[in-house]
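Sequential numbering from 23 applies to the sequence shown in our numbering. C-beta atoms are modelled at their ideal positions from N, C-alpha and C, and glycine is treated no differently. Keep in mind that this is a model prediction, so the values were computed, not measured.
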Amino acid sequence: MTTPVTEVSRAADLLRAGELVAFPTETVYGLGADASNPQAIARIFAAKGRPADHPLIVHLPDASHLERWTSELPALALKLAAAFWPGPLTMIMKRRPGVLDAVTGGQDTVGLRVPNHPMALQLLQAFGGGIAAPSANRFGRISPTTAAHVREELGKSVSMILDGGPCQVGIESTILDLSGSEPRILRPGILDASALGDVLGFIPEFGAKAETPRVSGSLEAHYAPKTPLNLVAAAEVAQLAHRAAQSGQHLAVLAVQPSTFSHEKLEWFSASADPAQFAHDLYARLRELDAIGADLILVEAPPATDSWRAVADRLRRAAAGSNRGQNIGVIKP
Ligand code: TXA
Ligand code: MG
């Protein structure tokens, strides 16, 4: 039997040879390739079915590598790195001229992150350079949080899958853009605005400025199951589920509130009332709900509070991505 150490060094060799290696991070599994090898990067886009203008995050062994990838290294970036790396924060900065266009989507910026997972860090250290890695799912689909999910999504197109167990965080990193006049959060994550604010000295705004390039995580339709998914207000879940089940629809419900009735057409999954735990479980749950083959998935909309922001963001996009017009009780969170 191979030991994890030899697995990791074999994975590093495969990356050097231009192959794809999926690896665990604390957020979701990544589909890794040598960030300095254009052919290897092309393989990522082919495997995911991802449009070529979507930039990739470059994963680094530690913050001392930042200078190799950036042309300007803001003092704030070093401060944030010291506070949050390794961890679920991606920082967008001005890139060095040598950084591949295929990685940056042709932009003058690059997204950088040091992930907080022992196996990812071992791999990065063994490889010794930047590993470009999007989430290891087909484009637009649910991000993988276990090695088995990666196999389901990408099985044949990846040379090796490192299995580091289920991801601790469960949703993708917070993306903070440091390339503009002031820091902005392009994608909410578990690391929230107030935690960033503690280090920045002010709370950053959300959303890209008009001139900022598109973040694929910001597309309306993303993280989508195949079954239509509707987000419904907490006060309406029971009533809508009842009505849909009575009308003969096979329903899967994900809700914090307990079920108040049973019906042969209804499968009720209870979700955590804690946002971090909800995020941790979210993608695995969406896969489970999808696998039931129901006509419809109903999800209780989370509270409109800061601590639920990242979860609400992913649910809204999952609903947008999955919905093919069966709008019973759709609400906008
Ligand atoms: O947690 C994560 O960030 C995971 C793990 C594997 O690290 N990765 C991940 O990658 O979520 P991906 O490719 O699925 O999402 C990365 C997002 C994309 O939406 C991409 O558009 C954005 O980061 N991004 C990367 N570089 C960028 C740049 N230079 N400017 C703006 N957005 C960028
Ligand atoms: Mg992704």
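> Considering only the beta carbon of each residue, do T112 and G133 sit closer than 8 Å?
Replying inline: The sequence position of residue 112 within the sequence shown is 90, counting from 1. The sequence position of residue 133 within the sequence shown is 111, counting from 1. Taking 8 Å as the Cβ cut-off, T112 and G133 qualify as a contacting pair.
> Is the beta carbon of F161 less than 8 Å from the beta carbon of G54?
Replying inline: Counting from 1 along the sequence shown, the entry for residue 161 is found at position 139. Counting from 1 along the sequence shown, the entry for residue 54 is found at position 32. It is not a contact, given that the beta carbons lie outside the stated cut-off.
>> Run through the DSSP bridge pairs and tell me what S292 is partnered with.
In response: Taking the sequence shown and counting its residues from 1, the one referred to as residue 292 is at position 270. BP columns for S292 point to A277.
> Hey, is the stretch 309-323 in contact with the stretch 197-207, meaning 3+ C-beta pairs nearer than 8 Å?
Replying inline: Output reads no: the stretch 197-207 does not touch the stretch 309-323.
>> Can you list, in chain order, the residues of its chain with a C-beta nearer than 7 Å to that of P60? Leave out the 5 residues immediately preceding and following it.
In response: Walking along the sequence shown from the start, residue 60 turns up at place 38. Closer than 7 Å at the Cβ level, and outside the excluded window around P60, lie L122, A124.
> To the nearest whole angstrom, what separates the beta carbons of A263 and L288, a pair I think is in contact under 8 Å?
Replying inline: Position 241 of the sequence shown, counted from the first residue, corresponds to residue 263. Position 266 of the sequence shown, counted from the first residue, corresponds to residue 288. For a cut-off of 8 Å, the C-beta gap from A263 to L288 is around 6 Å, short enough to register as a contact.
>> So for K116, helix, strand or coil by DSSP?
In response: As a working note, residue 116 is residue 94 in the sequence shown. K116 falls in the strand class under three-state DSSP.
>> Taking 7 Å as the cut-off, is the C-beta of H171 nearer than that to any heavy atom in the ligand TXA?
In response: Position 149 of the sequence shown, counted from the start, is the residue given in the question as residue 171. With a cutoff of 7 Å, H171 does not count as near the ligand TXA, since its C-beta is closer than that to no heavy atom of the ligand.
> Any heavy atom of the ligand MG closer than 7 Å to the Cβ of P137?
Replying inline: Against the sequence shown, residue 137 aligns to sequence position 115. For the ligand MG, not one heavy atom lies less than 7 Å from the Cβ of P137.
> For the beta strand (DSSP E) that F106 lies in, which residues bound it at each end?
Replying inline: By one-based count along the sequence shown, residue 106 stands at place 84. Here F106 belongs to no beta strand (DSSP E); instead the alpha helix (DSSP H) covers 97-106.
>> Suppose you measure from the CA of R22 to the CA of A326; what does that come to, to the nearest Å?
In response: Given that the chain is displayed from residue 23 to residue 355, the structure contains no residue 22 and the question cannot be resolved.
>> Please state whether the Cβ-Cβ distance between A301 and A332 is less than 8 Å.
In response: Taking the sequence shown and counting its residues from 1, the one referred to as residue 301 is at position 279. Taking the sequence shown and counting its residues from 1, the one referred to as residue 332 is at position 310. In this structure, the beta-carbon distance from A301 to A332 falls below 8 Å.
> Does the beta carbon of S195 fall short of 7 Å from some heavy atom of the ligand TXA?
Replying inline: For this step, residue 195 is matched to residue 173 along the sequence shown. Indeed, a heavy atom of the ligand TXA lies less than 7 Å from the Cβ.
> Going by DSSP, which residues form a beta bridge with M182?
Replying inline: Sequence index remark: in the sequence shown, residue 182 carries index 160 (1-based). According to DSSP, M182 bridges with V43.
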